[in-house]
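Asker: Please read through the structure below; I'll follow up with questions.
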Amino acid sequence: MTVKTEAALRPRPALPAGHIAFWGGAALLCLALVAGFRVLDNEYAWFAGYFILQYVLLATAWNILGGYAGYVNFGAAGFLAVGAYTTVALRKAFGLDLLPCIAAAACIGGLLGLGTGWLALRLKGVYFAIATLSLAVLLHTIVVNWSFVGGSRGAYVLRPASIPPFVSYGEYLFVVMLVLAVIGVGIARGIEGSRLGMGLAALRDDERAAEAAGVPTLRLKLVATTLSGALMAVAGAPLSHYTGYLNPEAAFGLAFSVNAIAMPLIGGAGTWFGPVIGAVLLASLQQAATVTISSAANLMIVGVVLVIFAAAAPRGIVGLIRGGRHR
Amino acid sequence: MSGEILLRAEGVGKRFGGFVALNGIDLEVRAGERLGLIGPNGSGKSTFVNCLGGSFPAHEGRFIFDGKPMAGLAPHRRGHLGLARTFQLPRPFNSLSVLENVTVPLLFGPARETSPAEARARAMACLEQVELAGRAAQHPRELTQVDLRRLEIARAIALRPRLLVADEAMAGLSHTEVAQMLELLFRLNAAGTTIIMIEHVMRAVREFSQRLVVFVAGNKIADGDPNEVLAMQDVEEAYLGR
Ligand SMILES: Nc1ncnc2c1ncn2[C@@H]1O[C@H](COP(=O)(O)OP(=O)(O)OP(=O)(O)O)[C@@H](O)[C@H]1O
Ligand SMILES: [Mg+2]
């Protein structure tokens with residue numbers, strides 16, 4: 001047996017040592033980030049950090065369906081908004097804290113993902129993409145007409161000044177989103193090395209060949225839409241606490257849908273690391289542009305970067321690093 | 001050739017729009033048999049396989065496999081029940097390595113290998129059977145046509161099928177490669193796999209088949225001993241296009 005085949009026989013990711021390295025590394029990174037930001041002692045750092053992390057989670061969630069299974073969801077903003085409005089509604093109705101609202105958002109986002117999957121997964125390619133876009137428009141219309149959560153005027157959220165171990169509420173939100181993002185990325189990474197990940201890759205490459213090979217394609221796609229929907233809603237759940245005010249225009253913003261697609265593509269779809277780099281890069285650029293120019297430039301920046309990558313590195317940054325591997 | 005009936009097709013018909021691709025096909029295949037299926041281009045051979053595998057539904061008639069009606073069963077369920085097919089144009093999973101391609105049916109197939117490591121070891125064994133082990137770490141895009149056909153077979157036999165339908169596994173292969181492929185199919189058959197070979201390479205069909213079925217324009221026009229079938233006037237005409 002040649003060296004090459006031995007390498008192929010070795011289980012690819014998901015070694016116990018790899019898991020320890022990932023979770024250990026993630027924990028260290030989190031601690032370093034929080035420590036570093038505390039030293040900076042600047043409220044804006046928490047604010048900008050949250051902005052980037054929410055996109056890390058959103059892009060990772062999108063990638064579970066779009067990158068792993070190859071089904072493009074154009075309605076990421078719809079799912080994110082469902083998470084955001086779950087929090088607004090539950091807070092208003094029952095006065096719930098943020099954390100239980102996040103859990104509820106995961107459930108509702110997951111159910112919505114499952115429903116969309118069930119309805120739309122018989123559609124392929126661009127038809128699926130259009131169905132998801134229509135779903136976002138439909139949800140938008142519902143929220144605009146739902147006066148309990150403020151309708152088109154929006155709703156204010158009174159957030160506590162701070163929560164004990166944390167210096168400020170901004171820090172608290174940052175840490176919450178940091179933990180959520182790490183969990184999301186961990187889930188995506190777990191899928192990649194698993195039976196599920198292998199089945200999704202097979203159906204993404206060739207759905208007919210996959211089903212002939214015994215892959216229960218419909219079931220796997222439903223798992224992917226559910227997980228993806230749940231995590232996208234989670235990414236949006238703290239949004240109202242972050243901005244202090246939520247209206248449909250903000251929650252259903254086009255930027256969310258566009259970024260959710262652009263970030264994995266630029267970083268490298270189909271790998272867990274791709275959406276992370278893509279999100280950090282693009283969100284930082286947009287945050288910088290918002291401060292220096294205006295947020296109106298954000299979508300243009302995304303467009304320009306996307307065009308550059310489509311031409312120069314179609315498999316994203318991860319693809320560039322790995323060199324001319326196959327896809 | 002005396003086994004029980006493994007597959008029975010009863011009046012299977014398939015239309016594409018107004019075009020009749022299959023017209024009331026009746027066919028029985030016995031367990032352990034080596035059946036050749038021939039016919040001119042467009043005579044409905046692949047369509048028959050697609051209906052059998054569940055890629056699309058037949059308009060009329062039904063398949064009974066191993067005593068169970070197949071109607072309404074999703075393709076992957078049919079695979080789990082022991083029905084494997086190759087695709088006439090190879091359809092590899094391009095983002096996966098050759099080894100991973102064969103791991104997929106092992107992870108999701110009837111046996112559901114307990115660990116990825118076990119699945120990989122078995123996949124390697126399948127690759128060895130088709131003499132593709134040396135390319136395990138490569139990607140399908142790096143393979144030649146011959147090796148892509150081998151990969152199709154390896155992926156199909158990883159399901160440990162009772163019935164293997166090989167749709168033109170030998171098209172475009174050289175003389176020696178055809179001989180290798182034939183040897184492999186004989187070996188699989190000797191190990192108990194029933195095989196339907198769809199083929200245009202007559203030499204291979206003649207050597208392999210215990211029984212020969214001929215489709216012409218969606219109709220079964222002959223079914224019997226290969227030498228007798230090949231001597232029939234209708235079959236000759238169908239092939240010479242008269
Ligand atoms: N999905 C489809 N839609 C429309 N027509 C189809 C479809 N699949 C097959 N056909 C038509 O059905 C007929 C039978 O095709 P089929 O592929 O079964 O032939 P075949 O016997 O396998 O031929 P070959 O030897 O060339 O592989 C052809 O005329 C083909 O054009
Ligand atoms: Mg054919």
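Same order as they appear, the protein sequences are chains A and B.
Position 241 of the first sequence, counted from 1, bears residue number 241 in full-length UniProt numbering, the numbering being contiguous throughout.
Position 233 of the second sequence, counted from 1, bears residue number 233 in full-length UniProt numbering, the numbering being contiguous throughout.
Quick reminder that beta carbons are idealized off the backbone N, C-alpha and C, glycines included.
Entirely within the segment 169–195 of chain A and at least 4 residues each: give me those alpha helix (DSSP H) ranges in chain order.
Answerer: Complete alpha helix (DSSP H) runs here, min 4: 169–192.
Asker: List the whole-angstrom C-beta distance separating A/A251 from A/L80, where the pair is believed to meet the contact cut-off of C-beta under 8 Å.
Answerer: Your numbering for residue 251 of chain A matches position 251 in the first sequence. Your numbering for residue 80 of chain A matches position 80 in the first sequence. Sure, about 7 Å apart at Cβ, within 8 Å.
Asker: Would you tell me roughly how many angstroms separate the C-alpha atoms of A/V3 and B/E128, rounded to the nearest one?
Answerer: Position 3 of the first sequence, counting from 1, holds the residue named residue 3 of chain A. Position 128 of the second sequence, counting from 1, holds the residue named residue 128 of chain B. Note that A/V3 scores 44 on pLDDT, short of 50, meaning its location in the model is unreliable; the coordinates nonetheless yield the value given after this. Each residue's alpha carbon lies about 16 Å from the other.
Asker: Which residue wins for smallest C-alpha separation from B/P226, given the options B/T193, B/R206 and B/R160?
Answerer: As a working note, residue 226 of chain B is residue 226 in the second sequence. When only C-alpha atoms are compared, the closest one is B/R206.
Asker: Check the Cβ-Cβ distances between A/G244 and every residue of chain B, and say whether any is below 8 Å.
Answerer: Residue numbering aside, residue 244 of chain A sits at position 244 when the first sequence is read from its first letter. No, no contact with chain B.
Asker: Among all residues, which have a Cβ less than 6 Å from at least one non-hydrogen atom of ligand 1, and in what chain order do they fall?
Answerer: The set, ordered by position in the chain, is B/F16, B/A21, B/G39, B/N41, B/G42, B/S43, B/G44, B/K45, B/S46, B/T47 and B/Q88.
Asker: Between the alpha carbons of A/G278 and A/G117, how many angstroms are there, rounded?
Answerer: Residue mapping note: residue 278 of chain A aligns to position 278 of the first sequence, counting from 1. Residue mapping note: residue 117 of chain A aligns to position 117 of the first sequence, counting from 1. Using only the alpha carbons, I get a separation of about 26 Å.
Asker: Cβ of B/D167 versus every heavy atom of ligand 2: is any distance shorter than 7 Å?
Answerer: Here residue 167 of chain B refers to the residue found at position 167 when the second sequence is read from its first residue. Yes, the Cβ of B/D167 comes within 7 Å of a heavy atom of ligand 2.
Asker: Pick helix, strand or coil for B/R15, following the three-state DSSP scheme.
Answerer: Taking the second sequence and counting its residues from 1, the one referred to as residue 15 of chain B is at position 15. If DSSP states are grouped into helix, strand and coil, B/R15 belongs with the strands.
Asker: Can you check DSSP and say which residues form a bridge with B/A222?
Answerer: If you number the second sequence from 1, residue 222 of chain B lands on position 222. According to DSSP, B/A222 bridges with B/V214.
Asker: Could you list which residues in chain A have their beta carbon closer than 7 Å to that of residue 277 of chain B, in chain order?
Answerer: Summary: the structure shown does not reach residue 277 of chain B, with chain B confined to residues 1 through 242, and so no result is reported for it.
Asker: So, at 7 Å on beta carbons, what are the nonlocal neighbours of A/G109 in its own chain, with the 5 sequence-adjacent residues on each side left out?
Answerer: Translated into positions along the first sequence, residue 109 of chain A becomes position 109. Closer than 7 Å at the Cβ level, and outside the excluded window around A/G109, lie F79, V82, G83, G229, A230, M232, A233 and V234.
Asker: Using 7 Å as the cut-off, classify the Cβ of A/I108 as near or not near the heavy atoms of ligand 4, replying yes or no.
Answerer: This structure lacks ligand 4; its bound ligands are ligand 1 and ligand 2.
Asker: Following the continuous alpha helix (DSSP H) through A/L114, name the residue where it begins and the one where it ends.
Answerer: Here residue 114 of chain A refers to the residue found at position 114 of the first sequence. Counting along the chain, the alpha helix (DSSP H) containing A/L114 begins and ends at L98 to A120.
Asker: Would you mind telling me which residues of chain A sit closer than 8 Å to B/E177, beta carbon to beta carbon, in chain order?
Answerer: Here residue 177 of chain B refers to the residue found at position 177 of the second sequence. In chain order: nothing, as chain A lies at least about 22 Å away.
Asker: Tell me where the alpha helix (DSSP H) around A/T132 begins and ends.
Answerer: On the first sequence, residue 132 of chain A is found 132 positions in, with the first residue counted as 1. Note, A/T132: alpha helix (DSSP H), G125 to V144.
Asker: Within 10 angstroms of its Cβ, does B/F108 collect 16 or more other Cβ (buried), or is it exposed?
Answerer: Along the second sequence, one-based indexing puts residue 108 of chain B at 108. It is buried - the Cβ of B/F108 has at least 16 other Cβ atoms within 10 Å.
Asker: Does the beta-carbon of B/E168 have 16 or more other beta-carbons within 10 angstroms, so that it is buried, or is it exposed?
Answerer: Start at 1 with the first residue of the second sequence, and residue 168 of chain B comes out as number 168. Result: buried.
Asker: Could one say the Cβ of B/N189 lies closer than 8 Å to chain A's Cβ atoms, at least one of them?
Answerer: Residue numbering aside, residue 189 of chain B sits at position 189 when the second sequence is read from its first letter. Answer no: the Cβ-Cβ gap between B/N189 and chain A never drops below 8 Å.
Asker: Please state the DSSP three-state secondary structure of B/R91.
Answerer: Within the second sequence, numbered from 1, the residue matching residue 91 of chain B stands at position 91. Three-state result, B/R91: coil.
Asker: Under three-state DSSP, which class holds A/G78?
Answerer: Numbered from 1 along the first sequence, position 78 holds the residue referred to as residue 78 of chain A. Here A/G78 sits in helix by DSSP.
Asker: Since A/G236 contacts A/G319 with CB under 8 Å, what's their CB separation in whole angstroms?
Answerer: The residue you call residue 236 of chain A lines up with position 236 of the first sequence. The residue you call residue 319 of chain A lines up with position 319 of the first sequence. In fact, because the Cβ distance is near 29 Å, the residues do not count as touching under 8 Å.
Asker: Return helix, strand or coil for A/I308, following the three-state DSSP convention.
Answerer: In the first sequence, residue 308 of chain A corresponds to position 308, counting from 1. Here A/I308 sits in helix by DSSP.
Asker: Suppose the cutoff is 6 Å on Cβ atoms and the five residues either side in sequence are ignored; what does the same chain contact list for A/S162 look like?
Answerer: Position 162 of the first sequence, counted from the start, is the residue given in the question as residue 162 of chain A. So the qualifying residues of the chain are S168 and Y169.
Asker: Quick one: Cα of A/R315 to Cα of B/L164, how far?
Answerer: In the first sequence, counting from the first residue as 1, residue 315 of chain A sits at position 315. In the second sequence, counting from the first residue as 1, residue 164 of chain B sits at position 164. About 37 Å.
Asker: Tell me whether B/M202 is buried or exposed, calling it buried when 16 or more other Cβ atoms sit within 10 Å of its Cβ.
Answerer: Along the second sequence, read from residue 1 onward, the residue named residue 202 of chain B stands at position 202. Exposed, by the Cβ-count rule.
Asker: May I ask you to report which of helix, strand or coil DSSP gives B/N23?
Answerer: The residue you call residue 23 of chain B lines up with position 23 of the second sequence. Looking at B/N23 - three-state DSSP - the assignment turns out to be strand.
Asker: Check distances from the C-beta atoms of the segment 215–233 of chain A to those of chain B and list, in chain order, the residues that come in under 8 Å.
Answerer: Of all residues in the segment 215–233 of chain A, V215, P216, T217 and L218 have a Cβ within less than 8 Å of some Cβ in chain B.
Asker: Spatial neighbours of A/L114 within its chain, please: CB distance less than 8 Å, with the 5 preceding and 5 following residues excluded, ordered by chain position.
Answerer: If you number the first sequence from 1, residue 114 of chain A lands on position 114. Hits under 8 Å: L222, T225, T226 and G229.
Asker: Would you list, in chain order, the members of the segment 257–287 of chain A that have their beta-carbon closer than 8 Å to a beta-carbon of chain B?
Answerer: From the segment 257–287 of chain A, only G270 have a Cβ closer than 8 Å to chain B.
Asker: For the alpha helix (DSSP H) that contains residue 253 of chain B, what are its first and last residues?
Answerer: In the structure as shown, chain B starts at 1 and stops at 242, and residue 253 of chain B therefore has no counterpart that could be examined.
Asker: Output, in chain order, the set of chain A residues within a Cβ distance shorter than 9 Å of B/G82.
Answerer: Here residue 82 of chain B corresponds to residue number 82 of the second sequence, with the count starting at 1. Residues of chain A passing the Cβ test: none, with the nearest at roughly 11 Å.
Asker: Check A/P160 in the structure and name its three-state DSSP category.
Answerer: Taking the first sequence and counting its residues from 1, the one referred to as residue 160 of chain A is at position 160. Three-state DSSP puts A/P160 in coil, outside helix and strand.
Asker: Pull up the distance between the alpha-carbon of B/P75 and that of B/P57, whole angstroms please.
Answerer: Looking up residue 75 of chain B in the second sequence gives position 75. Looking up residue 57 of chain B in the second sequence gives position 57. Cα to Cα, B/P75 sits roughly 10 Å from B/P57.
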